[in-house]
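Chemist: Residue numbers (the numbering used here), protein chains in the order written: chain A, 1168 to 1494; chain B, 1168 to 1494. Cβ atoms here follow ideal geometry from the backbone N, Cα and C, with glycine treated the same way. Quick one: structure below, then a few questions.
Number of protein chains: 2
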Amino acid sequence: MTDDSRPSARGAAVDVPGLVEQARAGRARAVGRLISLVEDESPLLREVMAGLAPYAGRAHVVGITGAPGVGKSTSTSALVTALRATGKRVGVLAVDPSSPFSGGALLGDRVRMSDHATDPGVFIRSMASRGHLGGLAWSTPQALRVLDAAGFDVVVVETVGVGQSEVEVARTADTTVVLLAPGMGDGIQAAKAGILEIGDVYVVNKADRDGAATVRRDLRNMLSLTERPADSWRPPVLLMSAQLGEGVPEVVAKLDEHHEWAASTGSLQRRRVRRAKDEVEAIAVTALRRRWTGVSDRTELDDLAEQVVAGELDPYAAADRLLGQDV
Amino acid sequence: MTDDSRPSARGAAVDVPGLVEQARAGRARAVGRLISLVEDESPLLREVMAGLAPYAGRAHVVGITGAPGVGKSTSTSALVTALRATGKRVGVLAVDPSSPFSGGALLGDRVRMSDHATDPGVFIRSMASRGHLGGLAWSTPQALRVLDAAGFDVVVVETVGVGQSEVEVARTADTTVVLLAPGMGDGIQAAKAGILEIGDVYVVNKADRDGAATVRRDLRNMLSLTERPADSWRPPVLLMSAQLGEGVPEVVAKLDEHHEWAASTGSLQRRRVRRAKDEVEAIAVTALRRRWTGVSDRTELDDLAEQVVAGELDPYAAADRLLGQDV
């Protein structure tokens, strides 16, 4: 099912307990409206999150990331189909850190998963906005919590592989899938720069094209050189063609395998605690920022900033005073 | 001159007042070491910033941003040459929000401004790292403060036009230059998504190529439709070929004109106060984060996060408790 709830979520009075109940009963519109409250940074969020808390923590959160051009949207769509074939309900958050230059367009194909438009077991939401507060770190975990509490078995978070977003999605997910593809220039060279640390499952998409086996071999070699504790998960490298639907069930099986491994070793719990730490910290920072920048025309921070500009105070001393005010 | 100070800045004891004095006397190595202290998030930063405070606030900070492929590095280099021709000392910070996928390579040509390597009136530093704390928002204003206090007349901050970085550079600069170029696909469509708000001076680079005049005309039309207060600056759209050196002095003249306008209307002071607010806020948030995540193995935040994962507490209630601890 697709989500057409955005306009209606703004404005009128909102019955939060009612929305939570409807979302848990599988009503897509209610799920969409709750996510809109997240995106809009609604003052009601506090109430929403309190209402969801008892029901969260059950979904398997799968992050999917990769450089532009590896076929993320097609892969996500194929994985959703394969997950549905195993009877699971799937929520998808397609996160696009919006650029003033692109508005998403520069970054290529937006999610068009019309295959799933009529399937009530699938909910797809594109989160285009970083909002004003804390960006991805602030809104993604909360949107995810909505889908989780609404009872989706798997929640897929898809991000474009530019900037900090992959690192953030890796911190958000229970299982992180890194997508690669042959013919992406010197893909493996690029891979050196950090993706070796973030993936739980590596997938070489477009496996029907020349060079896929080479990408896999090179990546395996590099992963084998990465030092890991003896009892840690060894990330597999799978071949897939999302377009042709080949290799997709095998990827889904690996996602399950990693999830079971993580649950049995305590790794899952540690990741979730880390994710909750990030989330709580982001909310606390946002609350402080609101206090500092204030609702009044003129705040303590304005005075301090003017003294910094005048060279009377250095920024650290100003920060001390700001915290002295708050601590 | 180029900066080879990075390795030596780490490790050994640092004489901060001595470094500040040398930086102010025009010694490139001292300037580079101070910026390394910023990049390394050194505990000495507090002392550095206190030492620099009385001397900061004099440089004209020029932000240069644009999508990949518009010729940012070449343009920056050409502008540096033109600024030098007017007798000004110029510092350049080339900021590259490092991607795990790219390590910078994906984003194209890194700054190679060998033209200026032997000129003691030019200091160029590539800031590749976002660091662990607050990214650009944290390190760029402080690196900028180093160059400012060291006596550079103009400090250019060049950023890649991906993600949030243009918005951040626009908040950091006294004058923001947005670069465009013909033949960048549907450049003006892409431009709709936000650059109309951030530029003080628009430059269509590669003006020797087909389509430059069209890009300028379309951009002018769109800018004329943007609502602005009657007494506000009207951003000009200039043609330039950085490669051929054509139109560059005209851009420099516009930078000066904007700077004078901003100084005379109070706009400059307002921007600088806003910049100082961002900076003070980022430092304060960083200090709080350090306190929350702590040096000990187990912090209050760990306990709260575990309760969130267990569904006993929602993240807002957890943030309240965290702040109750600190406030």
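1. When the cut-off is 7 Å and only beta carbons count, does ARG1457/B lie next to chain A?
2. Within 10 Å of its beta-carbon, does THR1243/B have 16 or more other beta-carbons around it, so buried, or fewer, so exposed?
3. Near ALA1379/A, which residues of its chain fall below 7 Å by C-beta distance, leaving aside the five closest residues on each side in sequence?
4. Measuring only the C-alpha atoms, how far is ARG1225/A from PHE1290/A?
5. Using only CA atoms, which one of GLU1473/B, ALA1261/B, VAL1237/B and LYS1239/B lies nearest to LEU1435/A?
6. Just to make sure I have the definition right: I need the residues of chain B whose C-beta is within less than 8 Å of the C-beta of TYR1559/A. Which are they?
7. Would you mind stating whether VAL1368/B and VAL1344/B have Cβ atoms separated by less than 7 Å?
8. Of the residues ALA1284/A, MET1294/A, VAL1324/A and GLY1254/A, which one's Cα is nearest the Cα of LEU1201/A?
9. Decide if LEU1392/B is buried, meaning its Cβ has at least 16 other Cβ atoms within 10 Å, or exposed.
10. Any contact of the region 1185-1193 of chain B with the region 1227-1236 of chain B, i.e. 3+ C-beta pairs under 8 Å?
11. Taking just the CA atoms, how far does VAL1382/A sit from GLY1236/A?
12. Taking the DSSP output, what are the residues bridged to ALA1261/A?
13. Closer than 7 Å by C-beta to ALA1197/B: which residues in its own chain qualify, once you throw out the five before and the five after it? Chain order, please.
14. Determine whether the Cβ of VAL1183/B lies closer than 7 Å to any Cβ atom of chain A.
15. Look up LEU1406/B in the DSSP assignment and give the residues it is bridged to.
16. Taking its Cβ as the centre, do 16 or more other Cβ atoms sit within 10 Å of ALA1451/A, making it buried, or is it exposed?
17. DSSP on GLY1491/A, reduced to helix/strand/coil?
18. Who are the near neighbours of LEU1490/A in its chain, counting only those whose CB is closer than 6 Å to its CB and skipping five residues on each side?
19. Can you say whether ARG1457/B is buried or exposed, counting buried as having 16 or more other CB atoms within 10 angstroms of its CB?
20. Could you give the distance in angstroms between the alpha-carbon of GLY1496/A and the alpha-carbon of LEU1311/A?
21. Smallest Cα separation from ALA1397/A: which of THR1432/A, ASN1388/A, VAL1262/A and ASP1423/A?
22. Mind pulling the beta strand (DSSP E) runs of 3 or more residues that sit fully within the region 1226-1261 of chain A?
23. How close, in whole Å, do the beta carbons of VAL1247/A and VAL1259/A come, if the pair is a contact with beta carbons under 8 Å?
24. Compare the C-beta of ARG1191/A with all C-beta atoms of chain B and state if any pair is closer than 7 Å.
25. Locate the beta strand (DSSP E) running through THR1343/A, then write down its first and last residues.
26. Using C-beta distances below 7 Å, list every residue in its chain close to GLY1218/B, excluding the 5 sequence neighbours before and after it, in chain order.
27. Grab me the residues of PRO1402/A's own chain with a C-beta within less than 7 Å of its C-beta, minus the 5 sequence neighbours each way, in chain order.
28. Figure out for me which residue from PRO1287/B, LEU1363/B, SER1203/B and ASP1481/B has the closest Cα to the Cα of GLU1394/B.
29. Can you give me the Cβ contacts of PHE1319/B inside the same chain, cut-off strictly under 7 Å, excluding the 5 residues immediately before and after it?
30. Since ALA1245/B and VAL1415/B should fall inside the 8 Å C-beta cutoff, what is the C-beta to C-beta distance between them, to a whole number of angstroms?
31. Counting only beta-carbon separations shorter than 7 Å, does VAL1476/A have a partner in chain B?
32. Along the chain, where does the alpha helix (DSSP H) containing HIS1425/B start, and where does it finish?
33. Which term fits LEU1411/B, buried or exposed, when burial requires 16 or more other beta carbons within 10 angstroms of its beta carbon?
34. Report buried or exposed for GLY1199/B, applying the criterion of at least 16 other Cβ atoms within 10 angstroms of its Cβ.
35. Return the CA-CA distance between THR1339/A and ALA1477/A, expressed in angstroms with no decimal places.
Modeler: Walking through what the data contain:
1. Your numbering for residue 1457/B matches position 290 in the second sequence. Not closer than 7 Å to any Cβ of chain A, the Cβ of ARG1457/B fails to qualify, so no.
2. Counted from its first residue, the second sequence places residue 1243/B at position 76. Buried is the call here.
3. Numbered from its first residue, the first sequence carries residue 1379/A at position 212. So the list reads PRO1349, VAL1371, LYS1373 and LEU1406, once near-sequence residues are dropped.
4. Translated into positions along the first sequence, residue 1225/A becomes position 58. Translated into positions along the first sequence, residue 1290/A becomes position 123. Those two C-alpha atoms are separated by around 17 Å.
5. Residue mapping note: residue 1435/A aligns to position 268 of the first sequence, counting from 1. Taking only the C-alpha atoms, the option nearest LEU1435/A is GLU1473/B.
6. The structure shown does not extend to residue 1559/A, since chain A spans only 1168 to 1494, so no value can be given for it.
7. Counted from its first residue, the second sequence places residue 1368/B at position 201. Counted from its first residue, the second sequence places residue 1344/B at position 177. Closer than 7 Å, so yes.
8. The residue you call residue 1201/A lines up with position 34 of the first sequence. The residue with the shortest Cα to Cα distance from LEU1201/A is MET1294/A.
9. The residue labelled residue 1392/B in the question sits at position 225 within the second sequence. Exposed is the call here.
10. no
11. Position 69 of the first sequence, counted from the start, is the residue given in the question as residue 1236/A. Position 215 of the first sequence, counted from the start, is the residue given in the question as residue 1382/A. When rounded, the distance between both Cα atoms is 15 Å.
12. Reading the first sequence from its first residue, position 94 is the one you call residue 1261/A. DSSP, once it has assigned bridges, lists SER1293/A and GLU1325/A as partnering ALA1261/A.
13. The residue labelled residue 1197/B in the question sits at position 30 within the second sequence. Taken in chain order, the residues that qualify are LEU1186, GLN1189 and ALA1190.
14. As a first step, residue 1183/B is located in the second sequence; it is residue number 16 there, counting from the start. Chain A, which has no Cβ nearer than 7 Å to the Cβ of VAL1183/B, makes this no.
15. In the second sequence, residue 1406/B corresponds to position 239, counting from 1. Answer by DSSP bridge pairing, in chain order: VAL1371/B.
16. Counting from one through the first sequence, the residue named residue 1451/A turns up at place 284. By the neighbour-count rule (16 or more Cβ atoms within 10 Å), ALA1451/A is buried.
17. Residue 1491/A sits at position 324 when you count from the first residue of the first sequence. The answer is helix: DSSP assigns GLY1491/A an H, G or I state.
18. Mapped onto the first sequence, residue 1490/A falls at position 323. Here the set comprises nothing.
19. For this step, residue 1457/B is matched to residue 290 along the second sequence. Answer is exposed; the Cβ neighbour count stays below 16.
20. The first residue shown for chain A is 1168 and the last is 1494, placing residue 1496/A beyond what the model contains.
21. As a position in the first sequence, residue 1397/A is number 230, starting the count at 1. Nearest option by C-alpha distance: THR1432/A.
22. 1227-1233
23. For the purposes of this step, residue 1247/A is identified with residue 80 of the first sequence, where counting begins at 1. For the purposes of this step, residue 1259/A is identified with residue 92 of the first sequence, where counting begins at 1. Sure, about 6 Å apart at Cβ, within 8 Å.
24. Taking the first sequence and counting its residues from 1, the one referred to as residue 1191/A is at position 24. So, not an interface residue.
25. On the first sequence, residue 1343/A is found 176 positions in, with the first residue counted as 1. Note, THR1343/A: beta strand (DSSP E), 1342-1347.
26. Here residue 1218/B refers to the residue found at position 51 when the second sequence is read from its first residue. Correct list, in chain order: VAL1183, PRO1184 and VAL1187.
27. As a first step, residue 1402/A must be located in the first sequence, where it is residue number 235. Taken in chain order, the residues that qualify are GLY1366, ASP1367, VAL1368, TYR1369 and LEU1390.
28. As a position in the second sequence, residue 1394/B is number 227, starting the count at 1. Considering only alpha carbons, the answer is LEU1363/B.
29. Sequence index remark: in the second sequence, residue 1319/B carries index 152 (1-based). ALA1226, ARG1256, VAL1257, GLY1258 and PHE1290, listed in sequence order.
30. Along the second sequence, one-based indexing puts residue 1245/B at 78. Along the second sequence, one-based indexing puts residue 1415/B at 248. Sure, about 5 Å apart at Cβ, within 8 Å.
31. Along the first sequence, one-based indexing puts residue 1476/A at 309. It does; some Cβ of chain B falls within 7 Å.
32. Counting from 1 along the second sequence, the entry for residue 1425/B is found at position 258. Residues 1415-1432.
33. Numbered from 1 along the second sequence, position 244 holds the residue referred to as residue 1411/B. With fewer than 16 other Cβ atoms within 10 Å, it is exposed.
34. Locating residue 1199/B in the second sequence gives position 32, counting from the first residue. Counting Cβ neighbours within 10 Å, GLY1199/B comes out buried, since at least 16 surround it.
35. Translated into positions along the first sequence, residue 1339/A becomes position 172. Translated into positions along the first sequence, residue 1477/A becomes position 310. Whole-angstrom Cα-Cα distance: 42 Å.
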